[in-house]
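> Quick note: the sequence shown uses the numbering used here, first residue 3, plus one each step. Quick one: structure below, then a few questions.
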Amino acid sequence: MKAAPRHTPPRVPGVHRAEPPALRRLRRVPSHVTLLLVCGLWAVPVLGLFVNSFRTAYDVAGSGWWHAFTDGGALTFENYRQVLTANHLGDAFLNSLLVTFPAVTVLMCVGSVAAFALARISFPGRAAVTAVILALAVVPIQVTLAPVLRLYNSAHLAGTFAGVWLVHVGLALPFAIYLLRSFFAALPRDLFEASELDGATMLEMFLRIAIPLARPALASVAIFQVIWIWNDLLVALIFLGGDPTVAPLTVSIANLVNTSTGQGAELLTAAAFISMSLPMLIFVFLQRFFVRGLLAGALK
């Protein structure tokens, strides 16, 4: 009996067969290897600093950090105790909190209002104002330091927390307005038109519609600015000076090491991990908002 001929289904133009899972995994190997190499380049030095923060000054000066695992050197918390007590790093930590969070709070309030106005309110010269704000975002910080410091000295704001708050807000405001304006402009216009028909004012639309929907973007801006202000040395050193009563962590850490002899490297590593603890915790707990906020302005 003759077998019936097999009929192959017609090939539909534009439709491709699914790639086998094994081949798909094989294609991902180069990208995975690259990511592992990049992670290693970042993780190995950080691991070395972390291990050295628990070693004595003699061990740090005499051998590499990996000898802590091979030679069985003693690990101690003395470096952390010394930087928190003898070097008053605890007071500097509090000063960094007093510099960072008020500045970020003022920045978020002013930046969100300005961004919403530029995105949703039509007024003469709106395009020109937006262009000027975007142009200010590319002005180097160093260009503004000398004239602002001269103004601060005449107004007796140098060496005060209020003065450094204003500097950080002014420097970060163009970037915050740019990012938040992109997000507010991508929100559906129907929401605001329906609210306006219901009698809502512009302030009510901002507080009840725009702000709740903009939480990812607000979190992204807040994370950026907390990390930038917390790790800032230049602005803090110029506008707060070296007074230990107002010096933040970055200024205090810079004074830990003797630059001529290199002594105090073990204290520097311990102080560095104390300094990075807060930004790391903030990023870990808010990272989902961070990613959503960065992508939201590009998606309709």
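Every residue, glycine too, gets a C-beta built ideally from N, C-alpha and C.
Exposed or buried, which one is N54 when buried takes at least 16 other CB atoms within 10 Å?
Its Cβ being crowded by 16 or more others within 10 Å, N54 is buried.
> When we look at the beta-carbon of I179 and count the other beta-carbons within 10 Å, is it buried (16 or more) or exposed?
Residue environment: I179 is assigned as buried (16 or more neighbouring CB atoms within 10 Å of its CB, all protein chains considered).
> Counting Cβ pairs, one atom from each stretch, are 3 or more of them under 8 Å apart for the region 147-166 and the region 226-241?
Yes: the two stretches touch, three or more of their Cβ pairs being nearer than 8 Å.
> Output needed for D73: all residues of its chain with C-beta closer than 8 Å, excluding positions within five of it in sequence on either side, in chain order.
S65
> For G50, which of N89, E80, A187, W68 has the nearest alpha-carbon?
W68
> Report buried or exposed for K302, applying the criterion of at least 16 other Cβ atoms within 10 angstroms of its Cβ.
Only weak support exists for where K302 lies, its pLDDT of 46 falling under 50; the coordinates are left without a value.
> Roughly how many angstroms separate the alpha carbons of T78 and E268, rounded to a whole number?
11 Å
> Between I123 and M204, which are expected to be in contact by the criterion C-beta below 8 Å, what is the C-beta distance as a whole number of angstroms?
Correct: roughly 7 Å between the Cβ atoms.
> What residue range does the alpha helix (DSSP H) around F103 cover?
91-122
> Would you please state the rounded distance, in angstroms, between the beta carbons of P176 and L236? I believe it to be under 8 Å.
About 18 Å separates the two Cβ atoms, so there is no contact after all.
> Closer than 7 Å by C-beta to A272: which residues in its own chain qualify, once you throw out the five before and the five after it? Chain order, please.
S55, N81, Y82, V85
> Could you check whether F285 and I211 sit closer than 8 Å to each other, using their CB atoms as the reference points?
no
> Can you name, in chain order, every residue of its own chain whose Cβ lies under 6 Å from the Cβ of A117, other than the five neighbours on each side?
I179, L182, R183, F186.
> Kindly list the residues whose CB is nearer than 8 Å to the CB of G161, restricted to its own chain and excluding five residues on each side of it in sequence; keep chain order.
If we look at G161 and ignore the five residues flanking it on each side, its Cβ neighbours are F241, L242, G243, D245, V248.
> Would you mind reading off the limits of the alpha helix (DSSP H) that contains I211?
Neither: I211 is in no alpha helix (DSSP H) and is coded neither H nor E.
> Tell me the DSSP secondary structure of F194 in three-state form.
helix
> By Cβ distance below 6 Å, which residues in the same chain neighbour W230 in space, the five residues on each side in sequence not counted?
none
> With respect to the alpha helix (DSSP H) encompassing H69, which residues constitute its N-terminal and C-terminal limits?
From DSSP, the alpha helix (DSSP H) with H69 extends over 69-72.
> Would you call the CB atoms of A174 and L109 closer than 8 Å?
yes
> Does Y60 pass the burial test, meaning 16 or more other C-beta atoms within 10 Å, or should it be called exposed?
Here Y60 is exposed: its Cβ has fewer than 16 other Cβ atoms, across all protein chains shown, within 10 Å.
> Is D234 helix, strand or coil when you go by DSSP?
coil
> Residue range of the alpha helix (DSSP H) that T36 falls in?
Unbroken alpha helix (DSSP H) run through T36: 23-54.
> Can you grab the Cα-Cα spacing for the pair I213 / F125, in whole Å?
21 Å
> Once you ignore the five residues that flank N89 on each side, which residues in its own chain have a CB closer than 8 Å to its CB?
S254, L258, L269, A273
> Quick one: grab the DSSP three-state call for P218.
helix
> Closest to Q227 by CA distance: which of G113, V35, A45 is it?
G113
> Count the other CB atoms, across all protein chains shown, that sit within 10 Å of the CB of M207; report buried if there are 16 or more and exposed otherwise.
buried
> Mind checking whether F163 and V101 have CB atoms under 8 Å apart?
Going by C-beta atoms, F163 is nearer than 8 Å to V101.
> Can you tell me whether DSSP reads A139 as helix, strand or coil?
coil
> Determine the burial state of V223: buried for a count of at least 16 other Cβ atoms within 10 Å of its Cβ, exposed for fewer.
buried
> Tell me which residues share the same chain as F52 and place their Cβ nearer than 7 Å to its Cβ, disregarding the 5 neighbours each side in the sequence.
F275
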